[in-house]
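S.K.: Got a structure here, written out as structure tokens. Questions coming.
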Amino acid sequence: MVNQRISTLIGFGLLVLGGCLSDGPNETGTAFLKEKGIVLQDPVLDLVLEDFPLEAFRSTLEETSHLGDTVAMLGHSQGVTAGMRLAFSLSNQVFLDSLDSADAGEGDEDGALRLVMGFPKWGGLDGDNPLPAQVYLEKTVAGHDSLQVLVRALTLGDPSKDQYNRVVSHYQRAFLDKRLPLDLITVPEDSSYWKAQEKTFTVDTITLEVSGLYDRSRPDSIQAHALPHLLDALKAKRLGYRYILLDLQPVAADTDLMLRPAGGIGAYYGPALLFGGGFDPARASTSKQRLEPYYVTATARSVTYFLEEDHENDDALGISPRRNLKFRIHRDTLLQRISRKLGGLPPSPQGEFDSRYFIPFGEISLPLDTNLTRIENDYALDVAMVSNLDSTAPSSDPGVVTYHDLKLSPGPESPQWETLWVIDQALSLRQKTDTLKVAYVLPEADSSVRILRFRRMADTTRDLDSLIIRPGQSRELSLNPGTRISLRVKVDARAEDYDLTFRLRSQSTVEAAGIRDPETGYPYTDNEDLTSRFLIPGNPWVSVRSTEGLQRTLNRVNLGKDLQQEFSLQVSGRGGLDPDTNFIRTYYPIQGSVRFPAVDGTVRAKIHLLLFPLTQP
Amino acid sequence: MKSAFIIPLALAARLWADFSPLDVNANGIGTLSAPLGARERAMGNSGLASTPATGVSQANPSRLAFQDKHSFTGTLETTLEYLHDDDFGNRRSDAFLPGLTLAFPTQKFGALGLWYWQTAHRNFTLEPAARNGVRQSFFAEGGLFELGAAYSYAFNPYLAVGVDIRKLLGRERFIKTADFNRDPSDPAYYNSRSLAGDTLQRDLDGLRQGVSLTFRQKFWNAAIAVQTGSYLDLDESRHITGITTGITGSQEIYLPWQGTVALALKPKNNHTVTLDLNYAGWDEAQGEGLNPGMGIGIGYEKQGSKSPYDAFLKRCAWRAGGGYESLYLESSWQGYATVGLGLPLGVRGHSLDIALLGGHRELGGNSFVAEEYLKLSLTVQGVGVWGQPARRRK
Chain A
1 MVNQRISTLI
11 GFGLLVLGGC
21 LSDGPNETGT
31 AFLKEKGIVL
41 QDPVLDLVLE
51 DFPLEAFRST
61 LEETSHLGDT
71 VAMLGHSQGV
81 TAGMRLAFSL
91 SNQVFLDSLD
101 SADAGEGDED
111 GALRLVMGFP
121 KWGGLDGDNP
131 LPAQVYLEKT
141 VAGHDSLQVL
151 VRALTLGDPS
161 KDQYNRVVSH
171 YQRAFLDKRL
181 PLDLITVPED
191 SSYWKAQEKT
201 FTVDTITLEV
211 SGLYDRSRPD
221 SIQAHALPHL
231 LDALKAKRLG
241 YRYILLDLQP
251 VAADTDLMLR
261 PAGGIGAYYG
271 PALLFGGGFD
281 PARASTSKQR
291 LEPYYVTATA
301 RSVTYFLEED
311 HENDDALGIS
321 PRRNLKFRIH
331 RDTLLQRISR
341 KLGGLPPSPQ
351 GEFDSRYFIP
361 FGEISLPLDT
371 NLTRIENDYA
381 LDVAMVSNLD
391 STAPSSDPGV
401 VTYHDLKLSP
411 GPESPQWETL
421 WVIDQALSLR
431 QKTDTLKVAY
441 VLPEADSSVR
451 ILRFRRMADT
461 TRDLDSLIIR
471 PGQSRELSLN
481 PGTRISLRVK
491 VDARAEDYDL
501 TFRLRSQSTV
511 EAAGIRDPET
521 GYPYTDNEDL
531 TSRFLIPGNP
541 WVSVRSTEGL
551 QRTLNRVNLG
561 KDLQQEFSLQ
571 VSGRGGLDPD
581 TNFIRTYYPI
591 QGSVRFPAVD
601 GTVRAKIHLL
611 LFPLTQP
Chain B
1001 MKSAFIIPLA
1011 LAARLWADFS
1021 PLDVNANGIG
1031 TLSAPLGARE
1041 RAMGNSGLAS
1051 TPATGVSQAN
1061 PSRLAFQDKH
1071 SFTGTLETTL
1081 EYLHDDDFGN
1091 RRSDAFLPGL
1101 TLAFPTQKFG
1111 ALGLWYWQTA
1121 HRNFTLEPAA
1131 RNGVRQSFFA
1141 EGGLFELGAA
1151 YSYAFNPYLA
1161 VGVDIRKLLG
1171 RERFIKTADF
1181 NRDPSDPAYY
1191 NSRSLAGDTL
1201 QRDLDGLRQG
1211 VSLTFRQKFW
1221 NAAIAVQTGS
1231 YLDLDESRHI
1241 TGITTGITGS
1251 QEIYLPWQGT
1261 VALALKPKNN
1271 HTVTLDLNYA
1281 GWDEAQGEGL
1291 NPGMGIGIGY
1301 EKQGSKSPYD
1311 AFLKRCAWRA
1321 GGGYESLYLE
1331 SSWQGYATVG
1341 LGLPLGVRGH
1351 SLDIALLGGH
1361 RELGGNSFVA
1371 EEYLKLSLTV
1381 QGVGVWGQPA
1391 RRRK
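Residue numbers (this note's numbering), protein chains in the order written: chain A, 1 to 617; chain B, 1001 to 1394.
This is the structure:
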């Protein structure tokens, strides 16, 4: 018993003694560490590199999905054509029966089958006063009376429910996701069932009333227009299950009018097909008269819009359609410029990783061509930088930027498949090696376009993805072949029709863009506090955080040799930021084209860097 | 008895910073932890030739052959340090559990010993005050751990031989951090990304062997123990915040041989005087700034009475000693004095050994670093006689 007490006392004493000692910041040993090369009071080097040349400066179109977007675009403005696409699933006989209640002729606005569209005033009101965004929307239709819209329709009929869902899924992907023209949608080659599907094409023209469309003194416009040819097609055969695809495009491509109709929202404002005549569209019953686009997902309706440029703007940052600005920074140039500023650099270490400096902060400022930049209503844009460069060495990890050049001649509808890429096992969630195949197709139905089709070796029965492209266009495509990392393939067909350059990249990094409040230390959340990162028309520069991209540019020795790095400047969101309302983002998508001045063909940026010396291993 | 285990374990869970120039120096293996229990610690880090000790001695496994009881030992160390250099001073403390041993003597077939021991450790933190809004720090952490097995055999009551094999596993990390975003007046610094760690990690793996002899006489004992030099596989990798560096490397490093010569004199019954000489063959070939490490330890022990009927204090062992070591890092040395106590725990031979060591450690040369330290060691021993019939009460 005595022994136990002594042991307990000793242990308790130790515990108390240890707990009483204070640890904390200290300096003891600093001199020794410096002697050993572990320098702890390194200065942070603050450098600004002026007139830094950017290489491979260009922009490419990104395939942005607008499926289910609340606000759609329809019209033609600033060299961009906007078309809408809607899909309906008709499986209730009650709708078809109602077609007999009225017989509408062409031009009869109160026909038995009508397309209804809503045009809310997206700008909103501040009390009784319209917000600037709404005032601007009024201006966009000033001087216009109407917009003629071509409505192409494809109806698919199936006498039974067999495979109906499969048909819908296939067409939905081709028509809504990939935005293939109706007449270029092909059916799977492996089934005669698909080719036996009953398909009917029809074309109608509707005239949207535009005069005073967004007038703040008038109620929101809901318009219904007859589709007589589609009506005839539906009445010709009373098949139990029908899938109706509508492709809306402005008739005249030279008008300067862009409407923002309601998109993927149900009831009242949302687009719908009205079956039967003589009733108010807003009061139509959704169980027998008003057929709304079906839900593709739990929240997204099968409504989308797509944008096509009249001409390539391959040196402009774009919003609607989204054009991402691409450029590279030459590593040797960066090192030379840093060396010039510092009066020399430490010797470069051996190996693939340059461990001389850590970059805690990097920012690239791009000059704006204020004369050529066009952004609707001079809205500001929130921009972000994506650094498409992984930090890993090619020998240890395949997640690198590599290029693959492939010469393909456009082939017939049944193409030859070329191996594009072997997807390495490390890229695959399932740890499998797979092969990505590509085919370059010249469709018989339309010789003005090309189709790139992608497949996985593991699943040759269907396309993994496809891309429609015109010769000379430059497009981006995101592929997700069941891998953990999204593959992105860039197609560059500018030099020659058949000369394609694909880029495989992974682990792209969106640069952190948060700005902290010096008072609280927390990131700002109000847009009015974030203006230093915005692209504001009239300002001569736009500055974007690029820490990780610059970090990797400096640290990766093989850049420009085994590796390629790329910066991608992108507009965040599709709305603009209204300077007159403390940079509130507009509800509706805006158009804009931002240009950058080139001197002797080269755009030059300003690079702000913090450099922190690293200890050599 | 139970509390004697719980408290050391609770203490071991708290790891505080420790300083030694050896911890920081990437050459070598850090600060060495003498493979001695609290008994030998109390005798000036000597006593390897002294045979009344119970338990496995990793430094001299041969003396295990003279024991007849199975035993378990667990050792805890805690150190209080006052560290100072030319400009600054600081107090620190650390605690760790350096070793556990198991001894299995047999009647006729020699004895088997097993142990885990932390032979070296790095545990260093330097966090200077922030300058120009940048706060930096440096950490060295990890250690070299040994799993050992020894067999010893006594040819006669005077001579025992031991052979052993040791598996060495180590992990060390040297971490440099820098926190830049402390200055709200500068937007670039304030919104910068901190260097959470520029980390160099070293993983060590290897084997080494040892042989030892103990001579036992009535009035003196002598022992010699040698551990061979061996090559350790060293894998290095470097990690930097948010960046995969791909910097890796494999090489071998040489852990030099080391040896001990020990003498124990028994001028009177229950009195022992000990002298140990140690040598480790470090030199420049193993790393810049390294030289042979050597030390001398002298100790005294008055053993306690074995009779359970004597007073408690009479049953305690009393110890004292001192020593000097020239450390394997150039221009570094340490000197110390020790006192200790062996407390019996019950009548079966269990005990708690306590050692208190006061020392001065110093690195001379261009940058002077010195420390005064107080080290408290505790070793708990549990003994038993397994495989034999229990004595029956009449």
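Backbone N, C-alpha and C define an ideal beta-carbon position, used for all residues, glycine too.
Please report how far the alpha carbon of residue 74 of chain A lies from the alpha carbon of residue 593 of chain A, in whole angstroms.
M.R.: 18 Å
S.K.: Going by DSSP, what residue range makes up the beta strand (DSSP E) through residue 1221 of chain B?
M.R.: 1220 to 1227
S.K.: Over the uninterrupted beta strand (DSSP E) stretch that includes residue 1197 of chain B, give me the two end residues.
M.R.: 1195 to 1216
S.K.: Where do the N-terminal and C-terminal ends of the alpha helix (DSSP H) with residue 1320 of chain B fall, by residue?
M.R.: Not the alpha helix (DSSP H): residue 1320 of chain B falls in the beta strand (DSSP E), residues 1317 to 1326.
S.K.: Within the 9 Å Cβ cut-off, does residue 355 of chain A reach chain B?
M.R.: Contact of residue 355 of chain A with chain B is assigned, a C-beta pair being separated by under 9 Å.
S.K.: Quick one: what's got a C-beta closer than 7 Å to residue 25 of chain A's C-beta in the same chain, skipping five residues either side?
M.R.: Bear in mind that the predicted position of residue 25 of chain A carries a pLDDT of just 47, short of 50, making it unreliable; the figure below should be weighed with that in mind. For residue 25 of chain A, where only same-chain residues beyond five positions count, there are no Cβ hits under 7 Å.
S.K.: Quick check: the Cα distance between residue 1194 of chain B and residue 46 of chain A, rounded to an integer number of angstroms?
M.R.: 15 Å
S.K.: For the alpha helix (DSSP H) that contains residue 554 of chain A, what are its first and last residues?
M.R.: 547 to 555
S.K.: For residue 573 of chain A, collect the residues of the same chain with a Cβ closer than 7 Å to its Cβ; drop the 5 residues on either side in sequence, then sort them by chain order.
M.R.: 382, 585
S.K.: Looking only at its chain, what residues have a beta carbon closer than 7 Å to the beta carbon of residue 1284 of chain B, apart from the 5 residues adjacent to it on each side?
M.R.: Within its own chain, the residues whose Cβ lies closer than 7 Å to the Cβ of residue 1284 of chain B, once the five positions on either side in sequence are excluded, are 1290, listed in chain order.
S.K.: Using a Cβ-Cβ cutoff of less than 8 Å, which residues in the same chain neighbour residue 149 of chain A once the five nearest sequence positions on both sides are dropped?
M.R.: 74, 205, 206, 207, 208, 248, 249, 250, 251
S.K.: Rounding to the nearest angstrom, what Cα-Cα distance links residue 96 of chain A and residue 201 of chain A in this structure?
M.R.: 18 Å
S.K.: In terms of residues, what are the limits of the alpha helix (DSSP H) holding residue 337 of chain A?
M.R.: 331 to 342
S.K.: Determine contact between the stretch 1035 to 1050 of chain B and the stretch 1255 to 1263 of chain B, defined as no fewer than three beta-carbon pairs at a distance below 8 Å.
M.R.: As far as the Cβ criterion goes, the stretch 1035 to 1050 of chain B touches the stretch 1255 to 1263 of chain B, which means the pair count is three or higher.
S.K.: Quick check on DSSP: helix, strand or coil for residue 1189 of chain B?
M.R.: helix
S.K.: Drop a sphere of 10 angstroms on the beta-carbon of residue 589 of chain A, count the other beta-carbons inside from all chains shown, and report buried for 16 or more, exposed for fewer.
M.R.: buried
S.K.: Consider the Cβ of residue 614 of chain A: report whether some Cβ of chain B lies at a distance smaller than 9 Å.
M.R.: yes
S.K.: Quick test of your reading: residue 87 of chain A and residue 176 of chain A, contact by CB under 8 Å. State the CB separation rounded to the nearest angstrom.
M.R.: 6 Å
S.K.: Under a CB-based cut-off of 9 Å, is residue 567 of chain A close to chain B?
M.R.: Cβ-Cβ to chain B under 9 Å: no for residue 567 of chain A.
S.K.: When you compare each of A:556, A:549, A:583, A:509 to residue 629 of chain A by their alpha carbons, which one comes out closest?
M.R.: Outside the displayed span of chain A (1 to 617) sits residue 629 of chain A, for which this structure offers no information.
S.K.: Apply the 10 Å Cβ neighbour rule to residue 310 of chain A and answer buried if 16 or more other Cβ atoms are within range, or exposed otherwise.
M.R.: The residue in question, residue 310 of chain A, is exposed, as its Cβ has fewer than 16 Cβ neighbours within 10 Å.
S.K.: By a C-beta neighbour count over all protein chains shown, 10 Å radius and 16 as the cutoff for buried, is residue 122 of chain A buried or exposed?
M.R.: buried
S.K.: Determine the extent of the beta strand (DSSP E) in which residue 1262 of chain B is found, giving its start and end residues.
M.R.: 1258 to 1268
S.K.: Need the endpoints of the alpha helix (DSSP H) that residue 97 of chain A sits in, please.
M.R.: 93 to 98
S.K.: If contact is defined by three or more beta carbon pairs under 8 Å, each pair taking one atom from either stretch, is the stretch 1219 to 1238 of chain B in contact with the stretch 519 to 533 of chain A?
M.R.: no
S.K.: Based on the DSSP output, what are the partners of residue 570 of chain A in its beta bridges?
M.R.: Answer is A:384, bridged to residue 570 of chain A.
S.K.: From residue 1060 of chain B to residue 1209 of chain B, what does the alpha carbon distance come to, in whole angstroms?
M.R.: Looking at the two C-alpha atoms, the distance is approximately 12 Å.
S.K.: CB-CB under 6 Å to residue 179 of chain A, same chain, minus the five flanking residues each way: which ones, in chain order?
M.R.: 306
S.K.: Indicate the three-state DSSP secondary structure (helix, strand or coil) for residue 367 of chain A in the structure shown.
M.R.: Here residue 367 of chain A sits in strand by DSSP.
S.K.: Using CA atoms only, rank isn't needed, just tell me which of A:173, A:596, A:253 is closest to residue 374 of chain A.
M.R.: A:596
S.K.: Given a threshold of 16 other Cβ atoms within 10 Å of its Cβ, counted over all protein chains shown, does residue 66 of chain A qualify as buried or as exposed?
M.R.: buried
S.K.: Under the rule that 16 or more other beta-carbon atoms within 10 Å means buried, what is residue 484 of chain A, buried or exposed?
M.R.: Its pLDDT being 29, under 50, residue 484 of chain A is placed unreliably in this model, and the value from its coordinates should be taken loosely. So residue 484 of chain A ends up on the exposed side.
S.K.: Out of B:1327, B:1036, B:1161, B:1071, state which residue places its alpha-carbon closest to the alpha-carbon of residue 1117 of chain B.
M.R.: B:1036
S.K.: According to a CB-to-CB cut-off of less than 7 Å, which residues of the stretch 1135 to 1156 of chain B neighbour chain A?
M.R.: 1136, 1138
S.K.: Grab me the residues of residue 1072 of chain B's own chain with a C-beta within less than 6 Å of its C-beta, minus the 5 sequence neighbours each way, in chain order.
M.R.: 1102, 1382
S.K.: To which residues does DSSP link residue 1294 of chain B through a beta bridge?
M.R.: DSSP links residue 1294 of chain B through a beta bridge to B:1279, B:1326.
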